[in-house]
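Scroll down for the structure; my scribbles are underneath it.
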Amino acid sequence: MSQDRFTFANALVKRAGAFAHEYYTRLETLNIESKGHQDMVSEADRDTEILVRNAIAEAFPDDTIVGEEGDPKQGTSEYTWIIDPIDGTANFVSSIPQWCVIIACVKNGEKYIGVVYDPCADELFAAEKGKGATLNGEPISVTKSASLSNGSLGLGFSARGRNQAVKDTVNMLLDEGGIFFRNGSGGLMLSYAASGRLIGYIEEHMNSWDCMAGLLLVEEAGGVCQEIDVQDAVMNGCKVVTAGPDVFNQVKAVTDKCFI
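Just so you know, we're using the working numbering here: the sequence shown kicks off at 832 and counts up by one.
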């Protein structure tokens, strides 16, 4: 059944991405609300999540479903699906083509499937535990960089984080000869780390729907992720520290000093 779920997830994330992109082409008609500081939601988010939830519930009715916009649906199987219908909503509603649809699946408390689809670039990042990571079907791998000064480090921030932590991180990174990258979508930045475009990605706190798929992508692409309690992170989120194997210790040294 695991391969069935992986194939299903790949098809569903592309279907959901195409659905969301239809809204993206007519932004002037969208109803947009604020959920808090720099945190927005639109009918595109809600409708896309409904599409994904309904498809999962029909195909795998016993599985648990956790999503950003809706209440959790408790299941009885060993599988939990985790959905972010549009990661990068602020970009989406501002017509910036840096957003994605994310679907992850956890099995018995372990990251099992992760798919991230960027409809604007038609890029599908996909990973299944133990089987590597791909971009549009081709294998990907993390950076070979061994220095913070060789490549850009993805840095995320949300209203849940501390302003001072980001300021301290930027200062320390610059002092170490590094540079940071931020595009407003943690899912895409983790995917970029998995594909070697970034040397890694860090954020003081991420929700599971933002990071669970990306963490698996990085691991399956040969990268290193700071250990998390997956079961707890599904509902409560976690700190995210990822990088290529030769630069991970340097990245972690920054976060050890700057993050809680």
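Think of the CB as a built atom: it goes at the ideal place given N, C-alpha and C, for glycine as much as any other residue.
Being a predicted model, the structure only gives us computed values, none of them experimental.
Item                                                                                              : Value
Beta-bridge pairing of Ile1017 - partner residues as DSSP gives them                              : The question names Ile, but residue 1017 is Gly in the sequence shown. According to DSSP, Gly1017 bridges with nothing at all.
Sheet register partners of Met1037 (DSSP bridge)                                                  : Cys1069
Host alpha helix (DSSP H) of Ala958 (start-end)                                                   : Premise fails: Ala958 lies in the beta strand (DSSP E), 954-959, not in any alpha helix (DSSP H).
Per DSSP, cross-strand counterpart(s) of Phe1011                                                  : Leu984
Contacting residues, own chain, Cβ-Cβ under 7 Å from Ser926 (five flanking each side not counted) : Leu858
Same chain, Cβ closer than 6 Å to Lys960, neighbours up to 5 away in sequence not counted         : Tyr943
Helix, strand or coil at Gly945 [DSSP, three-state]                                               : strand
Buried or exposed by the 16-neighbour rule on C-beta atoms within 10 Å, applied to Met1043        : buried
Buried or exposed (CB count within 10 angstroms, at least 16 for buried), Asn922                  : buried
8 Å Cβ cutoff met for Ala977 and Glu1035                                                          : no
At least 3 beta-carbon pairs within less than 8 Å: the segment 961-981 vs the segment 1048-1058   : yes
Exposed unless 16 or more other CB atoms sit within 10 angstroms - verdict on Met1066             : exposed
Closest by C-alpha distance to Tyr1023, when choosing among Leu1046, Asp1006, Ile881              : Leu1046
Buried/exposed call for Gln1062, threshold 16 Cβ in 10 Å                                          : exposed
Nearest-angstrom beta carbon gap, Ala1025 and Ala957 [assumed within contact, 8 Å]                : In fact, because the Cβ distance is near 10 Å, the residues do not count as touching under 8 Å.
Contact under 8 Å by Cβ, Ile1059 with Leu986                                                      : no
Reference Ile1030; option with closest CA among Pro1076, Lys845, Val1001, Val932                  : Pro1076
Rounded C-alpha distance that separates Pro928 from Asp915                                        : 17 Å
The segment 998-1008 / the segment 900-918 touching (three or more Cβ pairs under 8 Å)            : no
Whole-angstrom distance between Ser1016 and His852, CA atom to CA atom                            : 16 Å
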